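Note that the protein sequences, when read in sequence, are chains A and B. Just so it is clear: in the first sequence, position 371 is 370 by numbering that gives the first Met the number 0, and no numbers are missing. Just so it is clear: in the second sequence, position 219 is 218 by numbering that gives the first Met the number 0, and no numbers are missing. Idealized CB from N, CA, C, for every residue including glycine. Here the structure is a predicted model, which means the values were calculated and not measured. Comments concern the structure below.
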Amino acid sequence: MSFDILNSNIPTINSAIKDKKISHRELVDFYIKRAKKYSKLNSYINIMEQEALEKVTNMDPDLSANEIIKGIPVSLKDIFLMKGHKTTCASKILSDHVATYDSTVASRLQNKGAVVIGKNNMDEFAMGSSNEHSFYGPALNPWDESRVPGGSSGGSAVSVSAGLCQISYGTDTGGSVRLPASYTGICSLKPTYGRVSRYGVIAFASSLDQPGPMARNIEDLAIAFDAVSGHDPNDSNTSSLPPSNIYKGLKNIEPCTLGVPYELLSDGIDKDVVKCFESSLEIFKKAGYVIKDIKLPHAKHSLDAYYIISTGEASSNLARYDGIRYGYRTSNISGLKDLYENSRSEGFGTEVKRRIALGTFVLSAGYYDAYFVKAAKVRRLIRQDFDNAFSSCSAILLPTAPTTAFKIGEKLADPMTMYLSDVLTVPVNLAAIPAMSIPCGFDSKSLPIGMQIIGKHFDEMTLFNLAYFMQRQRPELFNRVSVK
Amino acid sequence: MSNTYEIIIGLEVHAQLLTKSKMFCACSTEFGLTPNSNICPVCTGQPGALPVLNSGAVDHAIRTALALNCKINETSVFARKNYFYPDLPKGYQISQHEEPLAVKGYIELYDKQGVPKKIGITRVHMEEDAGKNIHSDKCSFVDLNRSGVPLVEIVSEPDMRSPQEAVSYFKKLRAILDCIGVCACNMEEGNLRCDANVSLRKFGADKFGTKVEIKNLNSFRFLEKALSYEVERQTQMLDSGEKIEQETRLFDAVSGITKSMRKKEEANDYRYFPEPDLTPLVIKKDKIKSTEQNMPELPDAKKKRLMSSYGLNEYDADVLSSDVLLASYYEKLVSIVKEPKLCSNWVQTDIMRVLNEQKISIQAFKIKVENMAELLLLVNKGSINQNTAKSVFSEMLSGGRSAKDIVSEKGLLQIQDQSQIEAIVDEVIASNTAQVEQYKQGKTNIAGYLVGLVMKQSKGKANPVIVNEILKKKLS
C-alpha cells in the first residue's frame, strides 16, 4: 500500500478508494492496527474491531458525491451512546452500562456509512481539563507522553493527533474539544449551542454541552461537522436551521476585521503562547485583515459563572446514577439511603463528587439567588459583550489555552489551577457561540499551541473560511501526525 | 367543632391530563398495563435522554387554566424539582416553579341559598407524574408506566372555611375538568388527587395560624374525613395551649386519622432551577383566543341555562351541570319527551341510583336515551302509571328490551276506559258497605283504602287518577 493515509484528507482518501489505490477495508484495518499498536496512549476505552471490519467488507468503492463520509473510520468520545455497546463516560458507575439506544450523532454517522472504530477515553462525565480524571486512567499526549493531552475529550484528541482514526467527535462544555485540540496540535470545532443534537450524549451541563468534531485538517473538520449538524426532534434545543453545508462552501474570503480582546492576554498567559498567537495575527494582517482591539468587560467573571452553572446543572443531571435502574450498585446495602449513598460514593470519582457537591450547594435554598441566579445574570452580560464586539468585527481571535500541555499529575492536587486551563474557552460556552481551535505553532519545548477563532451565533462558515485561510498559509501545521 | 377558631383550608389538586402519550416522550399513558411496558429511554431516565414537550398536554393545560378563569403567562418556564426516590428515574421531576403556566383564577361555589362565593386559584402549572413503587415482604419494585404522564397542579388560595366547603370546591373543580375533557377524573385510578393545607386561627385574627399539609386524599369522603379529623386535632391542641407544628401529615383511610410524615426541618430542599433541556414555553395570544372559542359550556353556565330553559330548581340543575354526559343525556331525553320536570325526576332518582349502585358513568348505562324516552312517553300519555313504569324500568335494565315490548308482552297498559273502571269501582263499593258507611260519616281518608282495592282488583293497571275521580263521584 503506497497511498499515504495519514497525510490525506477525506476527499483525497475517497478519490484513492475510487481509484482502487486502497479499499475501505484496508483503510479501517490500517487505523485499527495503529490504534492497537499505540494502546499505551490509552486513547480508546473500547475498540470495535470486528464490527467495524464487517461493516466495510465488500463496501462499494464507487462513492457518490453525497457519500463523502461513507467508509471513513471515526472514533467517538465514550459519552455518545451506541445501542448495544458499552458507553461508560469513563466512570466506574457506568463501567458496565450497555446503551439501549443510539445517540443522534452516532445514528447520523452510521446512516451515512461512517465506520465507528472505537470509543475514546475522556475525563469522567467530561469533568476535567487533562483526561486524568478517568476510571480507565489518563490518556497520554503523543507529543510528550509524560504530559496530558488536555480534556475532557483527551482520548479523541489523541486518536486524531496520533493517527489512530481519521476524525473523532468529542463534546465541549467549557473547552473540552478545543483545549485538547490545542494540546495535541489538531483542529476542533465547538459549534453554536443547538447546532448539533445532544440526544444520547451523556449530559454534564445541559445548557453548555455541545458535541463537536476533531480532525487534522479543515476539510475533514467541515465534513465531520456537516455529517452531524442540524435539527433533531429529540433535542428541543436544536436550531431549526437546515444542516450545515460547510465543506462545499469553503472558499477564499475577502479580508475582514478580526477582534482581539487584548486585555485577556495580559494575565497568566504563557509567553510562548502569546508570541505564537501574535505571529498568527501578523499573517492575517499581511493578507489585509484588520486586527481590532475589542473589549469583553465581563469575560473575567466567566470562570466563576461557569463553575456555578455547570456544577449546578451537573448535580441534577447526575442524580439519575442512583444504583436503582442501571449502572453500578453497591453491595453494601442495608436500606434505601445506603443504596443511594454507597452506590454513588463508590461509583463516582473524586472530581465528579467535588462538582456534585459544589453544584448541590449553589442550588440550595438560601444560596440559589446569591450563586446560581447571579451566575445566570453574568452569563447574559457575557453574551451581550460578545454581541457588542461582533458589531465591529467578523470574528474574534484568542489563544485556546494559557499554556501548552502540562505534566501528568502536575495540577491534580490543585483543582483551582486546573480550572484556569479553561479561562479562554469558557466564555464561548456561556455565550452559546461557535469557536474553533486550530494549530498555530509550537513552544520552546516543541509542544503544540492552539488558536481560537470565535464567531457569531450560527456563523460557523466564517470560522471555517478563516481557518481554511490559515491552513493554506501554514500547511506545515496541519495534517501533522504526532507519532509515526 | 369549636366556635373559637376559624378554619382555613387551601387545596392542591393534581389532575392527570387526558393525552394519548406522555408529557415528554411518545410512550402511551394507558392505565393498568403490565408494569414497565409503557417505557422508553426518556421516561426511565436513561443517560443522554432528553425531554420533548407534548403539545397536546399544553393544550389541555391551557384549557384548564381558562376554565378556571386564570391569567395565562405568555412565557412560562419548566423547572427541575430535585429529590431522590426510586419512582423518580431522573432524580428530578420536571415541573414549573417561579414562572407557572397560569395564575390568578377562581372557581365560584354556591351555598344552599344560592349565594355565590369565589375561591381563588393561585396558580396552575404543568408537571410530569412519577412512577410507582410496589412493595412486597422481601423487596420493592418500581413500575415506571406512570412516569412522565402529564399533570396539571391546581393550587387554590386559602379561601375555604370548612371541610364541607373544601369538598364542594373539589367537586366543582372535578366537574369543570370533566366538562372540558382534560382529565378522566377517575379518582380510583388516581388521575385526580388532592393534598390539603389546613390551619386554624381565632375568629377576628388577621394572621393565619401554622398550617399542616395533609397528603394523599383520593376521594371526596377521605378529604372531608381527614379535614374534620385535622380540625378537631388542631382545636384540641390549641385549646390545651399547645403549638401547631408545620408538618406534612398522611391520611390513613383505614383508621380515619392523620399521621405525621415529616416535620418542617425534615422537608426536602428541592433545589429548583430552570430546566435547561427545554426552552421556555411561549403561549401566543391567538392560541389563547382560539382555545377560548373552542371551550364547551362550563358547569356554571350550564346550570344557569338548565334553570332558565327547563325550569329546574337550583339543586337539580347543580347535580346535572356537574356531569357533562349526564346533562347531555338529560337534554336529549327532554328533547324527545318534552317534560323537563318528569325527565329530571327520573334522571336524578332512578337513573342516578343505578349509576351509583353499579359505580358506572352514564356512558356505561344500559338504557339508551331513545329507549328511556319511550318509557317516559308512556308515563306521560298515561299509558302506564309510575309504579308500572318503575318495574318496566328494572326489566329494561336487566333484559335490555324496549319499554313498549315489555308493556305489551306483560299486558301492563293502563286501563283508561271509564266504563271498565266504573264496573270495578261499583263492585268494590258493593262488597265494602261498612267502609262506605264510615266514609259517608266523614272518615274521608278511607277513600285511599278503597282506591287500593280497586287497583288491586285491576292488577295495578287502572289509571289511579280516573279511579279517584269515579270513586269520589260515586261516594258523594
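C-alpha gap between residue i and residue j, whole angstroms
i, j, result
"B/Lys-206", "A/Leu-264", "59 Å"
"A/Val-73", "A/Leu-5", "14 Å"
"B/Gly-90", "A/Arg-379", "28 Å"
"B/Lys-456", "B/Glu-356", "Per the sequence shown, the amino acid found at residue 456 of chain B is Gln instead of Lys. Near 34 Å, if we compare the C-alpha coordinates of B/Glu-356 and B/Gln-456."
"A/Met-435", "A/Val-259", "15 Å"
"A/Gly-136", "A/Ala-412", "16 Å"
"A/Lys-352", "A/Pro-414", "13 Å"
"A/Lys-85", "A/Gln-49", "15 Å"
"B/Ile-361", "A/Glu-312", "49 Å"
"A/Val-195", "B/Leu-324", "49 Å"
"A/Thr-172", "A/Asp-77", "15 Å"
"A/Tyr-43", "B/Glu-29", "44 Å"
"A/Lys-406", "B/Cys-39", "44 Å"
"B/Asn-184", "B/Lys-170", "What sits at residue 184 of chain B in the sequence shown is Cys, not Asn. Taking the straight line from one Cα to the other gives about 10 Å."
Minimum Cβ-Cβ distance from residue i to chain B less than 9 Å
i, result
"A/Thr-172", "no"
"A/Glu-312", "yes"
"A/Thr-11", "no"
"A/Pro-232", "yes"
"A/Ser-206", "yes"
"A/Ile-432", "no"
"A/Ile-201", "yes"
"A/Cys-392", "no"
"A/Thr-99", "yes"
"A/Ser-363", "yes"
"A/His-456", "no"
"A/Cys-88", "yes"
"A/His-96", "yes"
"A/Ser-235", "yes"
Chain A contact for residue i (CB, 9 Å cutoff)
i, result
"B/Val-281", "no"
"B/Asn-81", "yes"
"B/Asp-268", "yes"
"B/Ala-48", "yes"
"B/Pro-275", "yes"
"B/Lys-476", "Past the edges of chain B, shown from 0 to 475, lies residue 476 of chain B, and the structure says nothing about it."
"B/Lys-89", "yes"
"B/Thr-278", "yes"
CB of residue i within 9 Å of CB of residue j, strictly
i, j, result
"B/Ser-75", "B/Ala-56", "no"
"B/Glu-164", "B/Lys-116", "yes"
"A/Gly-117", "A/Met-58", "no"
"B/Asn-370", "B/Ala-402", "yes"
"A/Lys-17", "A/Pro-60", "yes"
"A/Ala-374", "A/Asp-421", "no"
"B/Leu-67", "B/Ile-106", "yes"
Burial state of residue i, where buried means 16 or more other Cβ atoms lie within 10 Å
i, result
"B/Phe-140", "exposed"
"B/Ile-359", "exposed"
"B/Gln-45", "buried"
"B/His-134", "exposed"
"A/Met-450", "buried"
"B/Ala-204", "exposed"
"A/Arg-471", "exposed"
"B/Leu-32", "exposed"
Residue i CB to nearest heavy atom of the ligand COA below 8 Å
i, result
"B/Asn-293", "Inclusion of the ligand COA in the displayed structure is not the case, the ligand content being empty and no account of it being possible."
Discussion item. Quick test of the definition: if touching needs 3 or more C-beta pairs under 8 Å, does the region 390-404 of chain A touch the region 262-277 of chain A?
Written reply: With contact defined as three or more Cβ pairs closer than 8 Å, the region 390-404 of chain A and the region 262-277 of chain A are in contact.
Worksheet entry | Contact the region 269-278 of chain B vs the region 244-256 of chain B: 3+ CB pairs below 8 Å | By the C-beta criterion, the region 269-278 of chain B is judged not to be in contact with the region 244-256 of chain B, since fewer than 3 inter-stretch pairs fall below 8 Å.
Fill in: the region 99-114 of chain B contacting the region 325-338 of chain A, beta-carbon criterion three pairs below 8 Å
Because the criterion of three Cβ pairs below 8 Å is not met, the region 99-114 of chain B and the region 325-338 of chain A do not touch.
Worksheet item: Taking three-plus beta-carbon pairs below 8 Å as touching, is the region 229-242 of chain B in contact with the region 195-213 of chain B?
Response: Judged by Cβ distances under 8 Å, the region 229-242 of chain B makes contact with the region 195-213 of chain B, as three or more pairs qualify.
Discussion item. Tell me whether the region 131-145 of chain A and the region 204-218 of chain A touch, counting them as touching only if at least three CB pairs, one residue from each stretch, are closer than 8 Å.
Written reply: Put simply, the region 131-145 of chain A does not touch the region 204-218 of chain A. Fewer than three CB pairs are less than 8 Å apart.
Fill in: Given 8 Å, three or more beta-carbon pairs between the region 214-227 of chain A and the region 459-470 of chain A
Yes, they touch.
Discussion item. Counting beta carbon pairs with one atom in the region 7-15 of chain B and one in the region 38-57 of chain A, are three or more of them shorter than 8 Å?
Written reply: With a cut-off of 8 Å on Cβ pairs, the region 38-57 of chain A is not in contact with the region 7-15 of chain B, counting fewer than three such pairs.
Practice prompt. Would you be able to state if there are at least three C-beta pairs under 8 Å between the region 150-157 of chain A and the region 183-191 of chain A?
Written response: Yes, the region 183-191 of chain A is in contact with the region 150-157 of chain A.
Worksheet item: Three or more C-beta pairs closer than 8 Å, one from the region 106-124 of chain B and one from the region 144-158 of chain B: is that the case here?
Response: Contact between the region 106-124 of chain B and the region 144-158 of chain B is present: 3 or more CB-CB pairs across the two stretches fall below 8 Å.
Fill in: Meets three-Cβ-pair contact criterion under 8 Å: the region 97-105 of chain A and the region 363-379 of chain A
As far as the Cβ criterion goes, the region 97-105 of chain A does not touch the region 363-379 of chain A, which means the pair count is below three.
Worksheet item: Using 8 Å as the Cβ pair cut-off and three pairs as the minimum, do the region 281-296 of chain A and the region 354-366 of chain A touch?
Response: Contact between the region 281-296 of chain A and the region 354-366 of chain A is absent, because fewer than three Cβ pairs lie under 8 Å.
Item to complete: Assess, as a yes-or-no matter, whether the region 306-325 of chain B is touched by the region 240-247 of chain A under the definition of 3 or more beta carbon pairs within less than 8 Å.
Response: No, because fewer than three Cβ pairs between the region 240-247 of chain A and the region 306-325 of chain B fall closer than 8 Å, the two stretches do not touch.
Practice prompt. Determine, using beta-carbon pairs with one atom in the region 311-327 of chain A and one in the region 90-103 of chain A, whether at least three such pairs fall under 8 Å.
Written response: Contact holds: three or more Cβ-Cβ distances are below 8 Å.
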